[in-house]
Structure formats: structure tokens, C-alpha cells
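Residue numbers (my numbering), protein chains in the order written: chain E, 1 to 131; chain D, 1001 to 1186. Worksheet: one structure, shown below.
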């Protein structure tokens, strides 16, 4: 069980320098000839439909990024710092589930400026494979 | 106008317009002057198809974009594992029709990304420029973001159907900077 210290919905027990892992469908990758390779589309970090919440996993509390995509063939994992999310005006809150105790939420509106900052502040731990 | 539809497999097979999982572009009747691209849907018994007026097949970007539209339209509920909606046909039609009037013949094909809300985002990240245009479902406007990395210029605006010339201008900037080895893929 994790103890949390929430303020305004934000869990300060998740430190700014902790990695948050986002599971990314291959549908959300695009070629980036400006920097080489493929990058997440800004749409990869959008809130779930009809909500102000984006699902993530607290990286340090997960055995490895492979667990984040278990059962999701072809998906990838993008990592960004909790501090980046907060700098974008988001709250970071634990939301453990039965299947994923390290599940968390990045909560807040995500206009294009926020989405692009998350793209530019993220790195691939596992790059999606095209189906 | 480019049209994207679902059709029952049986009717297309009877017309000789379906061959294999992903049919090559083939002429759909001499009278209609259209090309017909089809692809077997994930949904049993259905085929995705895009009809493109013949005069539109000349630009190199049309066919890869049309194939990508077919892929996107075939995505089913929860395709992103977070509850995303299937992409709406109207969104796809708007994308195709908008690109038809804004893309230069030699323009680099954009990437097409489905959105969780059922729309499509059209993107280029090439020639030192980032350009994203989001087509939301049930909306007649487009949200555009443009960044020229070298010049440090960045713009964000919303365009209506009467402002497509502005989008064309940004795409022409990308095309004009194209180097011989540039060859964006979807």
C-alpha cells in the first residue's frame, strides 16, 4: 500500500524526478525527419475520451516497461517526468487497479501546448511496432 | 470529391472489384472515371473502399494517404486501449477533400493520426518544419499548429472552410524547402 500526500488532487508522494510511463499505440507514431526516426504524435498524450485524465504507470514501481504493454501487441512505452506534467499545470495522482498497482493519472486539460511539451519531454523506452 | 465507404464483400466480389486482402487500385467502370482502392476490413464480411476521381490520382501523395485513411477507418472501439472512438467517416472525408484542394502535386504525403475523439490529425515533421492540423468530429473548423524550427517561428490558429488558402500556404512552405532526399512516409 502506498501512502500519499495529496494537495489539490496532486500526490506529492510521486516526486518530480520520477518517471511516468505512457502506453502508446502504434497508431500514434509518426515519422520525424527533422530529428530522425519516429516520434509520438501529440495525440498520444491526450486525455481519455470525455475525461480530463491520462493514464500512466509509475515507472519505478513497475518491474519493467514490458509490463506496461503486456497483452497489447505492437504497443510502445513513452516515458516522461512527473515534474514535466506538473510544469504543464497537471496533477499527478495514484490510481492503483487490481491489474496494475502502479497505475496513476495525469489530470488536467491538455491543450495543444501541453500535448507538445509532453511529446518533446518524452523518450521511448519501447518503440511501438507497426502492425 | 473523394469518398470513403464500407461495402459488403459479396457485392464487390460480384463486381470483380475485390481481389485479395488489399486490392490494387483499379478502375471502377469507364463511365465513372474513378479509381477504387479496397482493403479487407477487420470486421467480417466488410470491405473498406475509397473512390478517387481519376484526375486526382496523378499527385504522388494521394494513394498513400488514401490507403492510410482505409486503415484508420477500420479501427474499432478502444483501438488505443484507453476507450478511443472509431474514426468518423465525415472526419476522413473532410481530410481527403481538404488535402485535395490544399496539397501541391509534389507535396510530401502527410502522416495521418486518428484521435481518441474520432477525428484525424494530419501531420508533417519534415524540412525543418512541424505542421499539425486536427480535424475534430462534428466540426467544420481545423486547428492548425505550425513551427519553423530554424526561424523559431510558431503559430497556432483555427481555420474555417473559407480559409483553406492559409493551410495551402503552410503546406507550400514545406514543399518548397524539400531537399532531393526528402521522402516522408506515412
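Even for Gly, the Cβ is constructed at its ideal location relative to N, Cα and C. On a predicted model such as this, the values are computed, not experimentally measured, just so you know.
Close to residue 1115(D), with beta-carbon spacing below 8 Å, are these residues of chain E in chain order: 43, 46. For chain E, the residues of the region 1131–1156 of chain D that bring a beta carbon within less than 9 Å of one of its beta carbons are 1132, 1134, 1143, 1145, 1147, 1149, 1156, in chain order. Counting only residues of its own chain and dropping the five nearest sequence neighbours on each side, residue 1177(D) has a CB closer than 8 Å to the CB of 1127, 1128, 1129. Here residue 1085(D) is actually not in contact with residue 1060(D); their C-beta atoms are around 31 Å apart, not less than 8 Å. Sorting 51(E), 31(E), 105(E) by C-alpha distance to the C-alpha of residue 130(E) places 31(E) at the top. Along the region 1071–1095 of chain D, going in chain order, the ones with a CB nearer than 8 Å to a CB of chain E are 1072, 1075, 1079, 1080, 1081, 1082, 1083, 1084, 1085.
Of the candidates 52(E), 17(E), 108(E), 118(E), the residue whose Cα lies closest to the Cα of residue 58(E) is 17(E). Cβ atoms of residue 126(E) and residue 77(E) come within 8 Å of each other, at about 4 Å. Annotated three-state conformation of residue 78(E) is strand, per DSSP.
Relative to the Cα of residue 1131(D), the nearest Cα in the group 1166(D), 1116(D), 1100(D), 1160(D) belongs to 1166(D).
Bounds of the alpha helix (DSSP H) holding residue 113(E) are 112–120.
Listed in chain order, the non-local C-beta contacts of residue 90(E) below 7 Å within the same chain comprise 106, 107, 108, local neighbours out to five positions each way being set aside. Contact between residue 49(E) and residue 1116(D) holds, since their C-beta atoms are separated by about 5 Å, short of 8 Å. For residue 1149(D), there is no enclosing beta strand (DSSP E), as DSSP marks it with neither H nor E. Listed by position along chain E, the residues whose Cβ is nearer than 7 Å to that of residue 1128(D) are 34. Its Cα nearest to that of residue 1062(D), the residue 1096(D) stands out among 1089(D), 1140(D), 1096(D).
By the neighbour-count criterion, in which a residue is buried when 16 or more other Cβ atoms sit within 10 angstroms of its Cβ, residue 87(E) is exposed. Contact of residue 1042(D) with chain E is not assigned, every C-beta pair being separated by 8 Å or more. Closer than 8 Å to the CB of residue 1125(D) there is at least one CB belonging to chain E. In the structure shown, residue 61(E) falls within a helical segment according to DSSP collapsed to helix, strand and coil.
Contact check for residue 10(E) against residue 93(E) passes: the beta carbons are separated by less than 8 Å. Note that the C-beta distance between residue 115(E) and residue 67(E) is not below 8 Å.
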